[in-house]
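Scroll down for the structure; my scribbles are underneath it.
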Amino acid sequence: MKGDDDVILVHDIKQGDEQAFNRLFDKYRVPVYSICYRFIRNEADAREITQDVFIKIYRNISKYNERAKFFTWLYRIAVNTCISYKRRQKSHIPYHESIGEQHVDPESLHDKIIARKIIDEALMKLPDRQRTALILRHFEGHTFKEIGEAMGITTGAAKANHYQAILKLRDYLKGLI
Amino acid sequence: MIDCSKCSQLLLDFCEKTVNAQLALDISSHLEACNDCRQAYRKILEVYQILDQDAVDLPSDDWFESVKALAKQPALKKKSSRYFAWALIPAAAAAAMILLVFISRQPKTFEIEVPASFLLEDNDIASLTFKGLIDDELIADLNGLEEWAMETNEQMIFDMSAGEQKTFVKKLTEMYLIGT
Ligand SMILES: [Zn+2]
């Protein structure tokens with residue numbers, strides 16, 4: 001995918017080049033799905049949101065301002081779509097009594113499933129912004145400046161949200177530590 | 001040399017590798033010598049290690065291909081989905097919602113983001129966090145306020161007539177120079 005610079009791709013998409021959209025899609029499909037999954041912690045929902053994000057991207061590409069990095073615009077749409085989705089889920093059932101307190105043996109299969117649940121539960125307990133900063137920093141490897149741009153907050157606020165997330169996870173994950 | 005208080009203030013920066021080389025050396029030597037700080041450091045490292053095990057199972061290539069094709073079909077509506085119920089509302093309202101989501105994330109639109117930015121824009125956020133000056137409650141309050149504002153905006157749009165929605169979107173577009 002050498003030479004597939006986002007600015008050029010977006011320019012070509014705006015000119016109606018469908019192949020350019022295909023390349024952009026292929027480049028970002030994994031990070032977008034991963035961000036959505038990690039935010040919402042549910043495969044069916046992550047699929048639905050990912051689909052919606054790319055529909056929005058295709059339909060709103062003319063609104064993208066090339067002065068900002070394309071992926072910060074894309075990730076902002078992804079995160080906002082996750083947040084709206086979560087809000088609209090009236091039937092959202094909160095997690096039951098915390099299982100994070102149990103102590104878990106990481107070698108046992110049964111405990112691996114519990115461990116996964118503890119991680120799901122811990123991440124879902126984080127406020128949206130802290131979870132977003134953590135996802136973009138830890139899993140997607142972006143700088144705090146880029147995260148700030150994607151979240152529409154300052155670099156310092158992005159860092160603060162990420163640090164708060166780590167400190168909270170230290171407590172939420174104590175069954176595994 | 002650094003002491004325990006300085007070490008704990010810089011621990012997250014150290015883990016994130018955002019401290020300079022000299023400071024990193026100072027922290028490393030302190031961690032070697034100090035059991036308490038070493039324990040604190042280990043706990044944070046374990047959080048990172050647990051997160052590293054959190055794999056995402058990706059959907060199949062076929063699924064991605066179907067999404068790619070769907071995304072390029074502007075008129076296609078998705079079948080039964082609670083989430084897409086809003087797609088049935090007039091197009092202007094949907095457009096306004098999308099616009100609002102973008103707009104509401106821009107610092108200019110929320111007065112609260114000015115003081116919040118000043119408060120949170122600091123080169124030593126980690127130390128403030130550890131001192132409890134930036135705590136979860138404060139961040140939750142700010143986030144809550146913003147969410148409330150966004151929610152109110154969205155509700156407001158649902159309640160508008162089609163004509164009002166059009167005017168509203170037009171005004172917003174002018175005000176925030178969207179798409180320019
Ligand atoms: Zn110490």
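Taken in order, these protein sequences are the chains called A and B.
When you line the first sequence up against the UniProt record's numbering, it's residues 1 to 177, in that order.
When you line the second sequence up against the UniProt record's numbering, it's residues 1 to 180, in that order.
Built from N, CA and C at the ideal position, the CB exists for glycine as well.
Keep in mind the model is a prediction, meaning the values are calculated, not measured.
Near residue i, which residues of its chain fall below 6 Å by C-beta distance, leaving aside the five closest residues on each side in sequence?
i               : result
D120 of chain A : R41
H142 of chain A : L136
Y37 of chain A  : A46
D6 of chain A   : F70
D17 of chain A  : none
S29 of chain B  : none
Skipping 5 residues on each side, what residues in its chain have a beta carbon closer than 7 Å to that of residue i?
i                      : result
A158 of chain A        : A133, F144, I147, G148 and M151
A92 of chain B         : Caution is warranted here: a pLDDT of 43 is assigned to A92 of chain B, below 50, making its placement in the model unreliable, and the coordinate value is therefore given only provisionally. For A92 of chain B, where only same-chain residues beyond five positions count, the Cβ hits under 7 Å are A162, Q165, K166 and V169.
R38 of chain B         : L31
Y58 of chain A         : F21
C82 of chain A         : C36, F39, I40 and I49
residue 217 of chain A : In the structure as shown, chain A begins at 1 and stops at 177. Residue 217 of chain A is therefore absent and cannot be evaluated.
T155 of chain A        : F144, K145 and G148
A68 of chain A         : E149
Y33 of chain A         : A46 and T50
Just to confirm, are residue i and residue j a CB contact at a threshold of 8 Å?
i               : j               : result
V67 of chain B  : T50 of chain A  : yes
I44 of chain B  : R170 of chain A : yes
E48 of chain A  : V10 of chain A  : no
I27 of chain B  : F14 of chain B  : yes
F39 of chain A  : V79 of chain A  : yes
D26 of chain A  : A20 of chain A  : no
S8 of chain B   : A40 of chain B  : yes
I77 of chain A  : K56 of chain A  : yes
I153 of chain A : L12 of chain B  : no
A33 of chain B  : F54 of chain A  : no
V30 of chain A  : L58 of chain B  : yes
L23 of chain B  : L10 of chain B  : yes
D54 of chain B  : C4 of chain B   : no
I61 of chain A  : K112 of chain A : no
Listing by chain order, which chain A residues have their CB less than 8 Å from the CB of residue i?
i              : result
A71 of chain B : F21, F25, Q51, F54, I55, I57 and Y58
Along chain A, which residues have their Cβ under 7 Å away from the Cβ of residue i?
i              : result
I50 of chain B : I119, L173 and L176
For the alpha helix (DSSP H) that contains residue i, what are its first and last residues?
i               : result
P59 of chain B  : Note, P59 of chain B: premise wrong, no alpha helix (DSSP H); not H, not E.
D26 of chain B  : A21 to A33
N60 of chain A  : E43 to N60
Q89 of chain A  : Note, Q89 of chain A: premise wrong, no alpha helix (DSSP H); not H, not E.
L123 of chain A : L109 to K125
Q53 of chain B  : Where Q53 of chain B is concerned, there is no enclosing alpha helix (DSSP H), given that its DSSP letter is neither H nor E.
I13 of chain A  : D6 to K14
I177 of chain A : Element bounds for I177 of chain A: n/a, residue is neither H nor E.
F139 of chain A : Segment: none, F139 of chain A is in no alpha helix (DSSP H) and carries neither H nor E.
N22 of chain A  : E18 to I40
Q73 of chain B  : Counting along the chain, Q73 of chain B falls outside any alpha helix (DSSP H), and DSSP gives it neither H nor E.
D171 of chain A : T155 to Y172
T18 of chain B  : Taken as a continuous stretch (DSSP letters only), T18 of chain B belongs to no alpha helix (DSSP H), as it is neither H nor E.
M151 of chain A : F144 to M151
D128 of chain A : D128 to L134
Name the chain B residues whose beta carbon is nearer than 7 Å to that of residue i?
i               : result
V30 of chain A  : L58
L169 of chain A : V47
I166 of chain A : L12, I44 and V47
E18 of chain A  : K72
S34 of chain A  : V56
Between residue i and the rest of its own chain, which residues show a CB-CB distance below 8 Å, the 5 nearest in sequence each way excluded?
i              : result
Y28 of chain A : F71 and L74
V19 of chain B : L10, D13 and I27
Interface residues of chain B around residue i at Cβ under 8 Å?
i               : result
R38 of chain A  : D54 and V56
H138 of chain A : Y48 and L51
Going along chain A, which residues have a C-beta under 9 Å from residue i?
i              : result
K68 of chain B : F21, N22, F25, D26, R29 and F54
Output, in chain order, the set of chain B residues within a Cβ distance shorter than 9 Å of residue i.
i              : result
R47 of chain A : P59, W63 and V67
Q) In chain order, what residues have a CB nearer than 6 Å to some heavy atom of ligand 1? A) Taken from the N-terminal end onward, the list reads B:C4, B:C7, B:H30, B:C34, B:D36 and B:C37.
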